[in-house]
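I have placed the structure first, in the form of C-alpha cells, so that the comments after it can refer back to it.
So this is what it looks like as C-alpha cells:
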C-alpha cells in the first residue's frame with residue numbers, strides 16, 4: 448500500500464521549483480515516520496507499561512525475564528502518570544478556574560488511559576462476575592474519584608524556595624502534590640504485595656518474574672523514599688499529616704493480601720486491585736487531612 452506524503456505549499460515550491468518532491472525528500476519523510484512508529488512501539492512494549500496496561504494475552508506472549516526489573520519502569524511510569532495529571536489540571540485551571548471541570552477531566556484521564564485496567568480490576572473485585580454489578584461498581588468508583596479530586600483544597604499556595612528549573616519537584620500549588628504522589632503510592636502497593644503473597648497456580652509467567660525481581664529491600668527502599676517525599680510535601684499540615692502515609696502503607700498491605708486471597712494467590716488482577724485501593728485511600732486521606740485537621744487548629 449502506497450503512503451501519501453503531505454507537504455505544505457512552501458515545501459512544494461522550494462524543493463525544486465516545480466512542485467515535484469525529490470526521492471530524497473520522500474525517503475526522509477518515510478524514515479521519520481518509521482522512526483516515530485518504532486519509538487512508540489518501544490515505549491508501549493516496555494515491561495512496566497505492559498504490566499499496567501497490556502491485555503492478558505499480550506502479556507503472556509512476552510518473555511518472562513523481561514519483567515524481572517519491571518518495578519523500576521513501573522515507578523518511572525507512575526511518576527509520569529502523576530506529572531501528567533498535574534499538567535492537565537494546570538492547563539485547565541486558567542481556562543475553567545479551580546472548579547469541578549478540571550477534576551472531571553483529570554478523573555477521566557485516570558480512568559481511560561493509565562488506570563484503565565486498574566479500574567477494570569477494581570470493578571471486577573467489587574462487582575464480581577456479573578456485568579451489571581461491575582458497571583455499577585465502576586461508576587461508583589469513578590464518581591468517588593472525581594468527588595475526592597474536586598474536594599482537594601485548591602487555593603493554598605506557597606512559593607517554592609527551589610530554583611525555577613527544580614521547582615517542579617515541589618509544586619507551589621498544594622493541589623498538585625496529591626496528584627503526583629497518588630500513582631507512586633499505588634505503584635508501591637504493587638511492590639509490597641509480592642512480599643506477602645506467592646504467585647497462584649497458573650499465574651502469568653511475566654507476573655511471577657515481576658514478583659521474583661522485586662525483593663523486600665527494593666520495596667523498603669521505595670517506601671522510605673515515598674515516605675520522605677510525602678512528609679516534605681505535606682509539611683504545611685499539622686503533625687497528624689503523618690497519617691496520610693500511614694493510611695497508604697496500611698491500605699497497600701491489607702488490600703494486597705485481601706486481593707490475593709480472593710484470587711487464590713498473587714496475580715496481575717490482585718496487583719492492580721491493590722494499586723487502585725491504595726490510590727483511593729491516599730486521596731481520601733489527603734482530603735480528610737486538608738478539611739478536618741486544619742479545623743482543629
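Numbering (my numbering), first residue to last: 448 to 744. Backbone N, C-alpha and C fix where the C-beta goes; we use that ideal spot for every residue, glycine too.
Nearest neighbour of residue i, chosen from the options [CA to CA]
i           : options               : result
residue 716 : 482, 503 and 542      : 503
residue 499 : 553, 515, 698 and 637 : 637
residue 555 : 695, 575, 579 and 585 : 585
residue 652 : 484, 497, 512 and 488 : 512
residue 657 : 631, 713, 578 and 677 : 713
residue 558 : 732, 728, 723 and 734 : 723
residue 560 : 517, 497 and 598      : 497
residue 562 : 705, 732 and 721      : 721
residue 550 : 648, 622, 674 and 574 : 622
residue 633 : 718, 672, 619 and 575 : 718
residue 662 : 673, 515, 600 and 601 : 515
residue 672 : 599, 505 and 696      : 696
Exposed unless 16 or more other CB atoms sit within 10 angstroms - verdict on residue i
i           : result
residue 708 : exposed
residue 507 : exposed
residue 553 : buried
residue 483 : exposed
residue 698 : buried
residue 517 : buried
residue 543 : exposed
residue 727 : buried
residue 576 : exposed
residue 725 : buried
residue 710 : buried
residue 729 : buried
residue 485 : exposed
residue 675 : exposed
residue 464 : At residue 464, the pLDDT of 45 sits below 50, so the modelled position is not reliable and the matter cannot be decided from this model.
DSSP three-state assignment for residue i, whether helix, strand or coil
i           : result
residue 719 : helix
residue 739 : coil
residue 561 : coil
residue 684 : coil
residue 713 : strand
residue 646 : strand
Straight-line Cα distance separating residue j from residue i
i           : j           : result
residue 541 : residue 548 : 12 Å
residue 654 : residue 537 : 35 Å
residue 684 : residue 737 : 7 Å
residue 493 : residue 645 : 24 Å
residue 582 : residue 564 : 14 Å
residue 635 : residue 588 : 21 Å
residue 534 : residue 680 : 18 Å
residue 700 : residue 735 : 21 Å
residue 686 : residue 678 : 9 Å
residue 573 : residue 706 : 11 Å
residue 579 : residue 619 : 43 Å
residue 510 : residue 491 : 15 Å
residue 487 : residue 739 : 45 Å
residue 703 : residue 650 : 16 Å
residue 660 : residue 631 : 18 Å
residue 495 : residue 505 : 13 Å
residue 731 : residue 501 : 28 Å
residue 597 : residue 539 : 13 Å
residue 682 : residue 600 : 15 Å
residue 489 : residue 670 : 29 Å
residue 751 : residue 526 : Coverage of the chain is limited to positions 448 through 744, which leaves residue 751 absent and any answer about it impossible.
Would you say the stretch 619–629 touches the stretch 515–535, given that touching needs at least three Cβ pairs under 8 Å? Here the stretch 619–629 makes contact with the stretch 515–535; the two share three or more CB pairs at distances below 8 Å.
Tell me, please, whether the stretch 678–691 touches the stretch 518–528 by the rule of three or more beta-carbon pairs shorter than 8 Å. no
Stretch pair the stretch 567–580 + the stretch 590–600: three plus CB contacts closer than 8 Å: Counting C-beta pairs closer than 8 Å gives fewer than three between the stretch 567–580 and the stretch 590–600, which falls short of the contact rule.
Validate contact between the stretch 662–679 and the stretch 638–649 using beta carbons, cut 8 Å, 3 pairs: The stretch 662–679 makes contact with the stretch 638–649: 3 or more CB pairs, one atom from each, lie closer than 8 Å.
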